[in-house]
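A.B. asks: Residue numbers (this note's numbering): 28 to 484.
Quick one: structure below, then a few questions.
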Ligand code: SF4
Ligand code: SF4
């Protein structure tokens, strides 16, 4: 019986501006070749989605990926396409090299963006010179501004760095973990691989030219390949056939996301010509599949992208594990909050690790009476956080410009009476009032860290 496709990949842009050495698109860019692809326009995209839905090829539960061999944010109509998805309530996943940020205006424009991925070839200008060819600082700034803008425009899904591990960038991972923690996003390091069917096949068939082989041996991790191939089950089945539907920017149905434009089995014809069962039959009967399985291309790719060959711990939790203090603090506040709040708390623990360590030291022998500036949600979170990580801190009051009375039986004071209160320390926990609070405390002769810090989740 025919089944809907679980994953659908639609290429919004058959063009990329990256120069990645081992990717089909990047290889062509390096040679200065004219891009062989183009862009999908918004009206074609809408027509395609309607066709796939009305022919029951996909449904609301299918994962929709808007990229394959190109950079989706280069598409001049990408905003219109995303606005359509959002209006129709269709969830989708984006991946970008962050070279050309596309920003949004409406507070709900990115409500249906389920996942945002940043692909990075390392964490230094040297690594970017070797692979993508972009200015590294610009990319970091772009990632920060994309995240800020997308979160302001309704994005609530997962954001992650997909870190391509090369021999020359392993030592940069630490900095990437720190960056991801600061930006409150996850990080998935995995081995960069020969992302070009012909090149991968040549490597596996031992027909690769010496110069290319030498370069691959100096840049990529390839030590696992022989063992992996030995472990490949005889009856191995490729999940691209039945689980992935891949369509390019011209609405051509593709064999899969592994076979690129240079290959004669790349396209199976216009998707508009086929019903679901015809798509299935076509995808299951491509002669190239025998060769691909014989050499183990798809088996290796799937192993690299799965946990099996993931020799790096995912997420910035690895960074934390190496820092006992942060880890203990995080454990002490874990599981009370939802994932997003938890991430923000973790990021702040890392950001403020020196300050918190100083306060721990200072409160070891003596109770510290403190005030929280901000009697709202931020103040409550800060209170919980301080109680968890600084047990010798005693909350004596809140400061709030707009509220008076009590919060959980703790008195609330106006900022004007601050000079008359008895306290040892202040935690600023208000986002809208933080500049004013900082200024007021400095005006009173108080000093950051010694007398106050901001803890804004
Ligand atoms: S790996 Fe990604 S960023 Fe690099 S050239 Fe290929 S599509 Fe572009
Ligand atoms: S076996 Fe290879 S060529 Fe065939 S669908 Fe799978 S990945 Fe593509």
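Heads up, the beta-carbon is just placed ideally off N, CA and C, and yes, glycines get one too.
1. Whole angstroms is fine: what's the gap from residue 225's alpha carbon to residue 96's?
2. With a threshold of 6 Å on Cβ separation, who are the neighbours of residue 339 within its own chain once the five nearest residues in sequence on each side are excluded?
3. Helix, strand or coil for residue 338 per DSSP?
4. Pick helix, strand or coil for residue 234, following the three-state DSSP scheme.
5. Excluding the 5 residues flanking residue 259 on each side, which residues of the same chain have their C-beta closer than 8 Å to its C-beta?
6. In the DSSP assignment, what are the bridge partners of residue 50?
7. So, using beta-carbon positions, are residue 280 and residue 303 closer together than 9 Å?
8. Around the C-beta of residue 297, are 16 or more other C-beta atoms found within 10 angstroms, so that it is buried, or is it exposed?
9. Where does residue 145 land, buried or exposed, given buried means 16+ other C-beta within 10 angstroms?
10. Go through its chain and collect everything with a Cβ distance to residue 401's Cβ below 6 Å, but skip five positions before and after it.
11. Using a threshold of 8 Å, is the CB atom of residue 146 nearer than that to any non-hydrogen atom of ligand 4?
12. According to DSSP, simplified to helix, strand and coil, what is residue 414?
13. Please tell me whether, using a cut-off of 8 Å, the distance from the CB of residue 167 to the nearest non-hydrogen atom of ligand 1 is below it.
14. Using the three-state DSSP reduction, which class does residue 44 fall into: helix, strand or coil?
15. Pull the bridge partners of residue 279 from the DSSP assignment, please.
16. Using C-beta distances below 8 Å, list every residue in its chain close to residue 385, excluding the 5 sequence neighbours before and after it, in chain order.
17. Can we count residue 306 as close to ligand 2, meaning its CB is less than 8 Å from some heavy atom?
18. Looking at C-alpha atoms only, which residue of 169, 172, 246, 33 is the closest neighbour of residue 154?
19. Which residues have a Cβ closer than 5 Å to any heavy atom of ligand 1, listed in chain order?
20. Following the continuous beta strand (DSSP E) through residue 185, name the residue where it begins and the one where it ends.
21. Considering only the alpha carbon of each residue, which of 372, 150, 32 lies closest to residue 124?
22. Within the continuous alpha helix (DSSP H) that includes residue 100, where are the two ends?
23. Just the Cα atoms here: how many angstroms apart are residue 41 and residue 291?
24. Buried or exposed for residue 447, going by 16 or more other Cβ atoms inside 10 Å?
25. Rounded to whole angstroms, what is the Cα-Cα separation between residue 112 and residue 168?
26. With burial defined as no fewer than 16 other Cβ atoms inside 10 Å of the residue's Cβ, what is the status of residue 48: buried or exposed?
27. Spatial neighbours of residue 430 within its chain, please: CB distance less than 6 Å, with the 5 preceding and 5 following residues excluded, ordered by chain position.
28. If you pair each beta-carbon of the region 44 to 59 with each one of the region 72 to 82, do three or more pairs fall below 8 Å?
29. Grab the span of the beta strand (DSSP E) containing residue 163 for me, first residue to last.
30. Looking at the structure shown, is residue 70 part of a helix, part of a strand, or coil, going by DSSP?
31. Under 9 Å between the Cβ atoms of residue 136 and residue 184?
32. Pick helix, strand or coil for residue 442, following the three-state DSSP scheme.
C.D. replies: Well, looking at it:
1. What you label residue 225 is simply residue 198 of the chain shown in a count that begins at 1. What you label residue 96 is simply residue 69 of the chain shown in a count that begins at 1. Distance between the alpha carbons of residue 225 and residue 96: 15 Å.
2. Position 312 of the chain shown, counted from the first residue, corresponds to residue 339. Taken in chain order, the residues that qualify are 216.
3. Start at 1 with the first residue of the chain shown, and residue 338 comes out as number 311. Three-state DSSP puts residue 338 in coil, outside helix and strand.
4. Translated into the one-based positions of the chain shown, residue 234 becomes position 207. If DSSP states are grouped into helix, strand and coil, residue 234 belongs with coil.
5. Numbered from its first residue, the chain shown carries residue 259 at position 232. Closer than 8 Å at Cβ, skipping near neighbours: 323, 326.
6. Against the chain shown, residue 50 aligns to sequence position 23. Paired residue(s): 222.
7. On the chain shown, position 253 is the one that residue 280 refers to. On the chain shown, position 276 is the one that residue 303 refers to. Cβ distance not < 9 Å, so residue 280 and residue 303 don't count as in contact.
8. Within the chain shown, the letter at position 270 stands for residue 297. It counts as exposed.
9. Locating residue 145 in the chain shown gives position 118, counting from the first residue. Buried.
10. Within the chain shown, numbered from 1, the residue matching residue 401 stands at position 374. Hits under 6 Å: 456, 457.
11. In the structure on display, ligand 4 does not appear, and the ligands it does have are ligand 1 and ligand 2.
12. The residue given as residue 414 occupies position 387 in the chain shown. Helix, per DSSP.
13. One-based indexing of the chain shown puts residue 167 at position 140. For ligand 1, not one heavy atom lies less than 8 Å from the Cβ of residue 167.
14. Position 17 of the chain shown, counted from the start, is the residue given in the question as residue 44. Coil, per DSSP.
15. Taking the chain shown and counting its residues from 1, the one referred to as residue 279 is at position 252. Paired residue(s): 297.
16. Taking the first residue of the chain shown as 1, we reach residue 385 at position 358. Hits under 8 Å: 476.
17. As a working mapping, residue 306 is identified with position 279 in the chain shown. No, Cβ of residue 306 sits at least 8 Å from all heavy atoms of ligand 2.
18. As a working note, residue 154 is residue 127 in the chain shown. Measuring from the Cα of residue 154, the nearest candidate turns out to be 246.
19. 43, 45, 47, 50, 52, 53, 124
20. Numbered from its first residue, the chain shown carries residue 185 at position 158. Start and end: 185 to 192.
21. Here residue 124 corresponds to residue number 97 of the chain shown, with the count starting at 1. For residue 124, the nearest C-alpha among the options comes from 150.
22. Looking up residue 100 in the chain shown gives position 73. Where residue 100 is concerned, there is no enclosing alpha helix (DSSP H), given that its DSSP letter is neither H nor E.
23. Working through the chain shown from its first residue, we reach residue 41 at position 14. Working through the chain shown from its first residue, we reach residue 291 at position 264. Approximately 17 Å, taken between the alpha carbons.
24. Position 420 of the chain shown holds residue 447. Classification for residue 447: exposed.
25. Taking the first residue of the chain shown as 1, we reach residue 112 at position 85. Taking the first residue of the chain shown as 1, we reach residue 168 at position 141. If you take the alpha carbons of residue 112 and residue 168, they lie about 27 Å apart.
26. Counting from one through the chain shown, the residue named residue 48 turns up at place 21. The residue in question, residue 48, is buried, as its Cβ has 16 or more Cβ neighbours within 10 Å.
27. To locate residue 430, count along the chain shown from 1; it is residue 403. Within the same chain, residue 430 has close Cβ partners 402, 439.
28. no
29. Counting from one through the chain shown, the residue named residue 163 turns up at place 136. Residue 163 -> not in any beta strand (DSSP E); alpha helix (DSSP H) instead, spanning 163 to 179.
30. The residue labelled residue 70 in the question sits at position 43 within the chain shown. In the structure shown, residue 70 sits in a helix (DSSP, three-state: H, G or I).
31. Along the chain shown, read from residue 1 onward, the residue named residue 136 stands at position 109. Along the chain shown, read from residue 1 onward, the residue named residue 184 stands at position 157. Contact flag unset, no.
32. Within the chain shown, numbered from 1, the residue matching residue 442 stands at position 415. Residue 442: helix per DSSP, three-state reduction.
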